[in-house]
Amino acid sequence: MPLRVAVTGTAGRLGRAIVAALRRSPNVEVTAGVDVKAGPEVTHVCDLAKSHVETAFDGCDVVVHAAALPGPSRLPPPTLDVALGERLEDANIIGLEDALPADLCINNVASTLRVLDAATAAGATRVVLSSSAFALGWSHDSRRFAPAALPLDDAAGPRPHETYGLSKELGDACGAAYARATGLEVCALRFTNVVKREAFATLPWAYDPRVPLLQWAWCHEDDVAEAHAAAATAPATQIFAEAPERTFQSLIVAAPSTRYAAPTRDLLAKHFGADRAPAFRGNGNDSILDAARAEQS
């Protein structure tokens with residue numbers, strides 16, 4: 003019997019890529035695609051933030067939840083310069099969401115809860131959550147987040163500085179709660195800023211002091227899609243062997259280098275000042291995020 007997998011967010015680029023990655027396995031059948039709008043890979047049109055999905059997950063073994071408002075709100079927290087978001091977009095550093103911060107958070111958490119509820123009710127045994135490394139501390143202010151030491155690994159707790167990162171922390175916590183309560187296997191993938199295939203040739207970037215620290219890390223879109231497929235299909239012993247909880251695991255997904263060619267330690271001193279720069283345990287242009295556990299899993 004093939005592994006039956008449903009995917010949410012299949013009208014979007016990442017959702018479609020995840021479906022394609024899953025279909026490369028001869029032992030996987032993608033049985034449903036759920037999104038708020040129609041598309042070639044969408045079998046069920048449903049706004050997961052506002053209504054329960056009824057039958058899309060029936061008979062599924064695994065649900066991959068990639069539907070979300072996929073980035074921070076353009077509007078930063080009240081204490082920050084209101085123009086920071088617009089400046090980041092004008093510099094092509096990141097695309098931001100039109101949604102107000104509170105609405106963005108509510109949307110993402112509500113959809114995750116509904117997916118967990120429906121997956122459990124349908125008898126699925128595993129849910130893969132498209133989480134985000136932004137939960138670790140992305141900020142509109144490029145110098146606001148300055149951890150004591152880098153790289154951050156999976157033991158680093160979330161420290162969100164805005165409501166998108168908060169929505170991902172809360173979504174992961176919802177997944178952990180369902181795992182504890184029901185035995186559902188939940189794997190949350192905390193991937194960082196995605197570099198699209200056509201933009202890969204722009205790397206490495208020149209250092210820009212406006213780039214938030216967590217965006218120094220990056221990952222290729224193909225690797226993100228493959229990570230979701232692996233999290234959906236790998237044996238539980240492989241995914242959860244080192245998990246702090248029996249059936250919940252969160253994993254950082256990131257490239258091994260930063261998006262810069264210059265040594266990371268030198269850039270940290272330049273960015274924060276030598277007296278405030280985080281201690282760096284890596285070499286050369288090693289990433290500020292440690293994805294070793296995901297690579298092993």
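The sequence shown begins at 3 in this note's numbering and counts up by one. Just so you know, even glycine gets a beta-carbon here, dropped at the ideal spot from N, CA and C. Nothing here was measured: the structure is a model prediction, and the numbers come from that model.
8 Å contact criterion, which residue i and residue j should meet: CB distance rounded
| i | j | result |
| --- | --- | --- |
| V7 | V44 | Wrong, their Cβ atoms sit about 15 Å apart, outside the cutoff. |
| G35 | V21 | 7 Å |
| A231 | A23 | 4 Å |
| E91 | S75 | E91 to S75, Cβ: 12 Å. No contact. |
| A68 | G11 | 4 Å |
| E223 | T127 | That pair is no contact at about 27 Å. |
| S252 | S113 | At roughly 18 Å, the Cβ-Cβ gap does not stay under 8 Å, so S252 and S113 are not in contact. |
| A151 | P280 | 6 Å |
| G73 | G97 | 6 Å |
Residue nearest to residue i in terms of C-alpha spacing, selected from the options
| i | options | result |
| --- | --- | --- |
| Y166 | A201, C107, G177 | C107 |
| R26 | P4, A13, A281, P237 | P4 |
| D210 | F242, D156, H163, F274 | F274 |
| P237 | C189, L77, P149, L269 | C189 |
| A104 | P79, A281, V117 | P79 |
| A263 | W207, K52, A233 | W207 |
| E244 | K198, D277, Q298 | Q298 |
| D60 | V117, G14, D155 | V117 |
| C48 | V9, L16, K272 | V9 |
| T81 | E164, D277, L269, E247 | E164 |
| K52 | L115, R15, L77, P28 | L115 |
| L16 | A93, G185, T184, R199 | R199 |
Beta-carbon proximity of residue i to residue j, cut-off 8 Å
| i | j | result |
| --- | --- | --- |
| H46 | V38 | no |
| R18 | I95 | no |
| V130 | V64 | yes |
| T260 | N287 | yes |
| A296 | A229 | yes |
| T235 | V66 | no |
| P162 | A137 | yes |
| L205 | V197 | yes |
Contacts around residue i, its chain only, beta-carbon distance under 8 Å, and the 5 residues preceding and following it disregarded
| i | result |
| --- | --- |
| V111 | S169, L172, G173, C176 |
| L50 | T10, V36, V38, A69, A112, S113, R116, V117 |
Close-in-space but distant-in-sequence residues of the same chain around residue i (CB under 6 Å, 5 per side omitted)
| i | result |
| --- | --- |
| A256 | T194, A219, C221, S289, L291, A293 |
| L215 | F147 |
| L155 | It is worth fixing the name first, because residue 155 is Asp in this sequence and not Leu. Here the set comprises D292. |
Same chain, Cβ closer than 7 Å to residue i, five either side skipped, listed in chain order
| i | result |
| --- | --- |
| G284 | P153, T266 |
| A135 | R192, F193, T194, L216, A219, I254, A256, L291 |
| L2 | Summary: the structure shown does not reach residue 2, with the chain confined to residues 3 through 299, and so no result is reported for it. |
Worksheet item: Is the region 180 to 187 touching the region 114 to 127, taking contact as three or more C-beta pairs under 8 Å?
Response: Judged by Cβ distances under 8 Å, the region 180 to 187 makes contact with the region 114 to 127, as three or more pairs qualify.
Discussion item. Would you call the region 129 to 149 in contact with the region 80 to 97, where contact means no fewer than 3 C-beta pairs closer than 8 Å?
Written reply: A contact exists between the region 129 to 149 and the region 80 to 97.
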